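Residue numbers (our numbering), protein chains in the order written: chain A, 6 to 414; chain B, 6 to 414. Glycine included, each C-beta is placed from N, C-alpha and C at the ideal position. This one's a predicted model, so the numbers in the text were calculated from it and none came from an experiment. What follows is a single structure, written as structure tokens, with notes after it.
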């Protein structure tokens with residue numbers, strides 16, 4: 006039997022999905038599992054997108070252009086213009102979700118062994134794409150007590166070596182919910198410019214900004230126009246995760262051509278998903294207003310609820326729909342599994358993502374979990390109740406840390 | 006401006022799509038371009054698949070399981086059983102087209118620098134996936150005068166080194182239309198077993214067998230159950246190229262687990278495409294009978310027509326919907342471009358794929374082109390007329406080779 010590759014062996018399992026078998030077993034026992042582990046919103050997909058699918062009048066489901074339908078790319082360019090991002094349809098390649106944009110971008114930008122700095126905690130799948138492309142992820146720690154703000158320039162520069170070729174940010178942030186300020190982004194721009202790095206900006210949560218916070222795209226930063234790669238997706242924007250439609254956006258012609266060749270090799274992005282995504286461009290503003298209002302309420306229920314539990318701390322995020330919470334526990338993997346295997350409260354339990362998967366060194370996330378507030382308010386209230394209860398009966402509860410106590414004061 | 010990667014620079018442009026700008030210019034001049042360059046059939050997608058899309062009754066377009074919907078995988082396993090391929094739904098991962106199955110398979114099986122033997126001419130995009138995974142493609146020449154049959158074992162063994170880790174076949178073949186015989190496959194099995202290699206079998210044209218020819222899947226070969234990877238796709242089977250639904254199938258548990266982790270990183274295959282593909286499993290046999298009958302007629306018009314042109318030779322394929330023809334020309338790239346730039350016959354011209362893109366050494370394909378007979382019969386008749394005419398006026402016409410003349414005798 007031939008051996009699989011080192012990459013195949015090293016590929017990390019998804020921290021979001023690895024507990025699925027335990028959740029399935031819990032459901033078989035009759036326990037209702039509240040899924041806070043995955044960013045799969047229950048928000049309805051816009052009717053205008055679903056109608057485009059229901060009204061399909063094609064006889065042959067053909068390939069599209071490898072870069073995606075031109076009409077959709079033109080529509081996307083208009084959408085970006087409304088968000089102060091000036092690009093043409095010839096600077097956009099439609100991809101199989103944001104995932105493919107990340108993988109193609111890494112393959113086209115980096116040699117095996119090149120280093121990519123990513124502020125952590127970060128979206129766990131960045132590790133997988135980096136591993137596939139042979140890229141070395143260099144984490145830059147951000148701290149829960151600072152609300153996961155971007156560290157000072159000196160901390161970036163301390164990590165830069167001759168192999169450093171890029172920085173990757175997620176803004177608004179998954180898992181932190183952080184929206185970077187103008188000042189943070191300008192510092193980042195200076196580093197990118199001074200060291201001539203690629204800057205990958207994963208902005209798939211662009212629409213999800215709360216409390217009057219405004220999102221600033223990396224594509225608007227002056228002086229690094231050739232360095233920035235925008236990674237985008239319709240998954241969260243229109244609650245259409247299954248459409249698998251994303252975008253790779255760059256003004257760098259060499260890079261665009263290289264990624265287009267990768268896109269040609271896989272022929273085309275999905276036709277149905279593109280039809281839905283193009284139609285979704287006409288989603289009325291009210292849809293987003295309603296969604297934002299809903300998420301603010303959900304966030305407040307979850308985050309305020311968490312912070313009211315003794316020993317828990319959770320900075321209140323103003324973007325995306327995740328939060329990272331620090332819990333008074335010994336090990337978040339053990340705790341999350343225990344919740345599914347050995348706990349229930351009034352017939353319910355909670356599934357969360359251990360934060361160990363969001364740090365390069367898993368041990369860093371041992372007392373943290375990521376929660377997605379993508380479910381209706383009653384369920385979130387129930388989830389907080391479950392957690393409060395669980396933290397009184399879990400055998401691995403430890404005393405809250407000093408930092409945590411002071412933060413709660 | 007940061008430099009892109011070596012892979013990004015080396016990635017080959019698609020031989021199928023690189024002439025697109027010339028075709029667009031021809032169309033702007035009012036010339037009708039007959040597209041024989043790309044395997045995009047005009048055959049209608051089964052109604053049962055389109056109906057599943059039109060009758061969509063979901064409110065949220067969610068992710069599916071990373072391996073694809075279980076119901077679809079169970080249905081696929083039943084479909085395979087009908088084709089003598091015994092696998093369970095837990096040996097199938099639904100992918101973004103056959104393309105993703107190839108890329109994930111190469112990443113999970115091979116170290117950078119490992120060697121993969123591919124009989125040539127071969128589907129050009131194999132080069133791109135190999136390059137992305139850092140795999141070295143080792144071509145094994147097959148000959149037009151032998152109908153592109155698989156070379157003897159000794160020719161394989163002459164190419165095997167300590168870095169050889171796999172063999173990739175396409176059966177029925179793109180671009181050759183070749184269906185491998187039982188004898189050819191058993192020889193291949195022995196090589197795979199004796200050298201403990203991975204065998205990638207791209208069988209996306211399984212349904213397209215003519216003249217009573219039967220397709221034998223590599224999955225049925227005894228003694229190499231842990232070595233075989235089946236690459237599949239609904240693109241051609243149901244004329245649903247844009248659905249972007251393929252499959253990675255293996256009985257090797259280690260390999261399955263590694264590819265599943267890659268699949269988890271990109272979250273899920275497309276939901277709409279899977280709904281259409283699952284419904285398409287109920288496509289009546291008559292649909293396939295009609296399609297096969299149509300393709301046989303198309304093939305005969307094209308291949309017989311080509312062979313009737315002085316100096317042209319084209320083995321009649323009994324599978325897929327491509328053929329490779331040898332033409333009395335100096336350079337197939339120049340000729341194919343000239344057809345689009347400088348030629349028209351009664352308002353028409355022909356677009357073909359130069360075979361240079363289907364050989365590891367482009368020069369090998371300088372007198373060959375690949376043609377896809379995926380258009381209605383009148384257009385194919387017209388295409389043959391155009392080619393006959395073009396071969397009297399193209400400035401680079403050369404005398405037919407000896408081999409070619411003898412073959413026509």
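Which listed residue (the options) has its alpha carbon closest to that of residue i
| i | options | result |
| --- | --- | --- |
| residue 355/A | 363/A, 335/A, 386/A, 333/A | 386/A |
| residue 204/B | 213/B, 214/B, 224/B | 224/B |
| residue 320/A | 272/A, 296/A, 373/A | 373/A |
| residue 163/B | 345/B, 154/B, 182/B, 143/B | 143/B |
| residue 69/A | 92/A, 161/A, 276/A, 243/A | 276/A |
| residue 489/A | 139/A, 384/A, 344/A | One cannot answer for residue 489/A here, as it falls past the ends of chain A, which runs 6 to 414. |
| residue 206/B | 41/B, 37/B, 107/B | 107/B |
| residue 156/B | 337/B, 222/B, 123/B | 123/B |
| residue 197/A | 169/A, 118/A, 182/A, 59/A | 169/A |
| residue 16/A | 329/B, 270/B, 167/B, 219/B | 270/B |
| residue 22/A | 367/A, 31/A, 357/A, 371/A | 357/A |
| residue 390/A | 26/A, 39/A, 27/A | 39/A |
| residue 63/A | 8/B, 73/B, 51/B, 63/B | 51/B |
| residue 42/B | 30/B, 171/B, 25/B | 25/B |
| residue 139/B | 94/B, 74/B, 116/B | 116/B |
The alpha helix (DSSP H) enclosing residue i, as first and last residue numbers
| i | result |
| --- | --- |
| residue 205/A | It is not in any alpha helix (DSSP H) - residue 205/A instead sits in the beta strand (DSSP E) that spans 203-207. |
| residue 297/B | 290-312 |
| residue 250/B | Counting along the chain, residue 250/B falls outside any alpha helix (DSSP H), and DSSP gives it neither H nor E. |
| residue 158/A | 158-162 |
| residue 171/B | That residue, residue 171/B, is in no alpha helix (DSSP H); its beta strand (DSSP E) goes 169-175. |
| residue 26/B | 25-33 |
| residue 105/B | 102-114 |
| residue 53/B | 52-59 |
| residue 337/A | 337-347 |
| residue 87/A | 75-87 |
Short Cβ contact (7 Å threshold) for residue i with residue j
| i | j | result |
| --- | --- | --- |
| residue 231/A | residue 6/B | yes |
| residue 126/A | residue 365/A | no |
| residue 229/A | residue 110/A | no |
| residue 399/A | residue 340/A | yes |
| residue 404/B | residue 54/B | no |
| residue 246/A | residue 381/B | no |
| residue 214/B | residue 103/B | no |
| residue 283/A | residue 128/A | no |
| residue 218/B | residue 184/B | yes |
| residue 254/B | residue 92/B | yes |
| residue 243/A | residue 287/A | no |
| residue 13/B | residue 113/A | yes |
| residue 226/A | residue 256/A | no |
Limits of the unbroken beta strand (DSSP E) element including residue i
| i | result |
| --- | --- |
| residue 328/A | 327-331 |
| residue 377/A | 373-377 |
| residue 354/B | 353-356 |
| residue 397/B | Taken as a continuous stretch (DSSP letters only), residue 397/B belongs to no beta strand (DSSP E), being part of the alpha helix (DSSP H) at 382-398. |
| residue 146/B | 141-146 |
| residue 200/B | Element bounds for residue 200/B: not the beta strand (DSSP E) but the alpha helix (DSSP H), 187-200. |
| residue 235/B | 233-238 |
Under 8 Å by beta carbon: chain C residues contacting residue i
| i | result |
| --- | --- |
| residue 121/A | Any reference to chain C falls outside this structure, whose protein chains are A and B. |
Notebook entry, point to check: Any residues in the segment 344-362 of chain B with a beta carbon nearer than 9 Å to a beta carbon of chain A? Which ones, in chain order?
Noted result: Legend: CB atoms of the segment 344-362 of chain B lying less than 9 Å from CB atoms of chain A are not found in any residue.
Check: On the three-pair Cβ rule with 8 Å, is the segment 376-395 of chain A touching the segment 42-61 of chain A?
Finding: Cβ pair count under 8 Å is three or more, so yes.
Next item on the list: Determine, using beta-carbon pairs with one atom in the segment 341-351 of chain B and one in the segment 384-401 of chain B, whether at least three such pairs fall under 8 Å.
Entry: Touching, yes, given that three or more Cβ pairs across the two stretches are closer than 8 Å.
Notebook entry, point to check: With a cut-off of 8 Å, do at least 3 Cβ pairs link the segment 262-280 of chain A to the segment 82-93 of chain B?
Noted result: No, they do not touch.
Note to self: Can you pull out the residues from the segment 65-80 of chain B whose beta carbon lies closer than 8 Å to at least one beta carbon of chain A?
What the structure shows: The residues in question are 65, 66, 67, 68, 69, 71.
Next item on the list: Count the CB pairs spanning the segment 144-151 of chain A and the segment 292-302 of chain A that are closer than 8 Å, and state whether there are at least three.
Entry: Contact fails: fewer than three Cβ-Cβ distances are below 8 Å.
Next item on the list: Can you give me, in chain order, the residues of the segment 237-254 of chain A that have a beta carbon less than 9 Å from any beta carbon in chain B?
Entry: Flagged, chain order: 240, 243, 244, 245, 246, 247, 248, 249, 250.
Notebook entry, point to check: Does the count of Cβ pairs from the segment 166-176 of chain A and the segment 186-205 of chain A closer than 8 Å reach three?
Noted result: Output reads yes: the segment 186-205 of chain A touches the segment 166-176 of chain A.
Margin query: At a CB distance below 9 Å, what residues from the segment 360-384 of chain A approach chain B? Give them in sequence order.
Written below: Listed by position, the residues of the segment 360-384 of chain A near chain B (Cβ gap below 9 Å) amount to none.
Check: Of all the residues that make up the segment 201-235 of chain A, which are near chain B by a beta-carbon distance shorter than 7 Å?
Finding: Those would be 201, 202, 203, 231, 232, in chain order.
Next item on the list: Pull out every residue of the segment 150-175 of chain A whose Cβ sits closer than 9 Å to any Cβ of chain B, in chain order.
Entry: For the segment 150-175 of chain A, which is checked against every Cβ of chain B, the residues closer than 9 Å are 170, 171.
Next item on the list: Check each residue of the segment 266-296 of chain B: if its Cβ is closer than 9 Å to any Cβ of chain A, include it; give the result in chain order.
Entry: If the cut-off is 9 Å between Cβ atoms, the segment 266-296 of chain B has 266, 267, 269, 270, 271, 272, 273, 274, 275, 276, 277, 278, 279, 280, 281 near chain A.
Next item on the list: With 7 Å as the C-beta to C-beta threshold (strictly closer), list the residues of the segment 111-136 of chain A near chain B in chain order.
Entry: Cβ proximity to chain B below 7 Å picks out 112, 113, 114, 115, 116, 117, 130, 133, 134 from the segment 111-136 of chain A.
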